[in-house]
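Everything in the sequence shown is counted per our numbering, starting at 701 for the first residue and increasing by one.
The beta carbon of each residue, even a glycine, is placed where N, CA and C say it ideally should be.
Computed from a predicted model, the values in this text were never measured in an experiment.
See below for the structure under consideration.
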Amino acid sequence: MPACQITTAPRLVVVLALVVGCTREAPAESEPLVVFAASSTADAFCELASAFEEEHPDTPVELAFAGSQTLRLQLEHGAPADIIATANEAHIRSLADAGVVRGAVPFAENRLVVIVPKENPSGLAAFEDLPNANRVVVGLPSVPLGAYTEQLFERGAGVWGATSSARLRRHVVSKEANARLVRAKVELGEADAAVVYATDARGRPEVDVIPVPEALNVTALYFMARVDRPESHPQAGAWIDFLRTERARGILGRHGFQTHGD
Numbered sequence: 701m702p703a704c705q706i707t708t709a710p711r712l713v714v715v716l717a718l719v720v721g722c723t724r725e726a727p728a729e730s731e732p733l734v735v736f737a738a739s740s741t742a743d744a745f746c747e748l749a750s751a752f753e754e755e756h757p758d759t760p761v762e763l764a765f766a767g768s769q770t771l772r773l774q775l776e777h778g779a780p781a782d783i784i785a786t787a788n789e790a791h792i793r794s795l796a797d798a799g800v801v802r803g804a805v806p807f808a809e810n811r812l813v814v815i816v817p818k819e820n821p822s823g824l825a826a827f828e829d830l831p832n833a834n835r836v837v838v839g840l841p842s843v844p845l846g847a848y849t850e851q852l853f854e855r856g857a858g859v860w861g862a863t864s865s866a867r868l869r870r871h872v873v874s875k876e877a878n879a880r881l882v883r884a885k886v887e888l889g890e891a892d893a894a895v896v897y898a899t900d901a902r903g904r905p906e907v908d909v910i911p912v913p914e915a916l917n918v919t920a921l922y923f924m925a926r927v928d929r930p931e932s933h934p935q936a937g938a939w940i941d942f943l944r945t946e947r948a949r950g951i952l953g954r955h956g957f958q959t960h961g962d
């Protein structure tokens, strides 16, 4: 399996935003299939791209990751992508309404968890303790993770009460542009707790995971679509079809996603 490196991909940046990509060597004569994907899919999509290339050896895959709202803005400004995968329906629906993408379909689901540093300075033991965290990091309201977190906080208010809910919101010290940046704040010791996707917390030795009660949790639904442009890669449809296969569903499952319909 080709190694998957996370690097900056400046040629794809058409607005002032950082996009990280997953690059691999490919024959110069091969036109890559360019896939824009939400940052929370990075590990899974790197493996999916390698598997796709095994089945389509003449089609290298070029991946670029960022927050869903950044990817949407890139496409609106004419970025040359063939596929987009977002962490919610709203951004892809906006692109569809503008005629930028077509054929949007759901392909995976995710859930939310709370993460804390190993030393756990605020002494959090359960989701109900979250208002006791001194420094909390969440996603920006404009990004899917931030919107899902707001839904979670609204549901949690019934558990915490008005006073504790207000204290929790006062203790939000940072709002980040994507899920990986939220997680990094905890890993670097710059936050005592954060709300992230369950997939982003898997296999991270720097953090401990506090589950969210099932009755309060929020389902993050992921969508993908083809970018509607004259130069669209002829294998774009093959990528969509591949993500519906048992092999692709297995890869997503190993990375903690529920495949749509499970």
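{"Item": "Do ASN731 and HIS933 have their C-beta atoms within less than 8 Å of each other?", "Value": "In the sequence under discussion, the amino acid at residue 731 is Glu, which differs from the Asn named in the question. Yes."}
{"Item": "Considering only the beta carbon of each residue, do ALA804 and ALA798 sit closer than 8 Å?", "Value": "no"}
{"Item": "Among residues of its own chain, excluding the 5 on either side of ALA742, which ones have a beta-carbon nearer than 6 Å to its beta-carbon?", "Value": "PHE765"}
{"Item": "Kindly list the residues whose CB is nearer than 8 Å to the CB of HIS791, restricted to its own chain and excluding five residues on each side of it in sequence; keep chain order.", "Value": "SER768, GLN769, LEU771, ARG772 and PRO844"}
{"Item": "Return yes when the Cβ of ASP782 is within less than 8 Å of the Cβ of VAL735, no when it is not.", "Value": "yes"}
{"Item": "Would DSSP call PHE942 helix, strand or coil?", "Value": "helix"}
{"Item": "Just the C-alpha distance for GLU658 and VAL838, rounded to the nearest angstrom, thanks.", "Value": "With the chain represented from 701 up to 962, any question about residue 658 goes unanswered, as that position is not in the structure."}
{"Item": "Excluding the five sequence neighbours on either side, which residues of its own chain have a C-beta within less than 6 Å of the C-beta of THR919, listed in chain order?", "Value": "GLU809"}
{"Item": "Determine the DSSP secondary structure at LYS818, reduced to helix, strand or coil.", "Value": "coil"}
{"Item": "Can you check the region 784-861 for any beta strand (DSSP E) of at least 3 residues that lies completely inside it and give the ranges in chain order?", "Value": "801-810, 812-817 and 836-839"}
{"Item": "Might you give, ordered along the chain, the residues of its own chain that have their beta carbon closer than 7 Å to the beta carbon of GLY889, omitting 5 neighbours on each side?", "Value": "PRO817"}
{"Item": "Which one or two residues does DSSP pair with ILE910 in a beta bridge?", "Value": "VAL814"}
{"Item": "Tell me the residue span of the alpha helix (DSSP H) that contains LEU695.", "Value": "Nothing about residue 695 can be read from this structure; the chain reaches only from 701 to 962."}
{"Item": "Helix, strand or coil: which one does DSSP assign to ALA866?", "Value": "helix"}
{"Item": "Using C-beta distances below 8 Å, list every residue in its chain close to ARG802, excluding the 5 sequence neighbours before and after it, in chain order.", "Value": "ALA796, ALA925, ARG926 and ASP928"}
{"Item": "Have a look at PHE853 and SER865 and give me their C-alpha separation to the nearest angstrom.", "Value": "8 Å"}
{"Item": "Going by beta carbon distance, what residues of the same chain come within less than 7 Å of PRO806, once the five residues before and after it are set aside?", "Value": "LEU921, TYR922, PHE923 and HIS960"}
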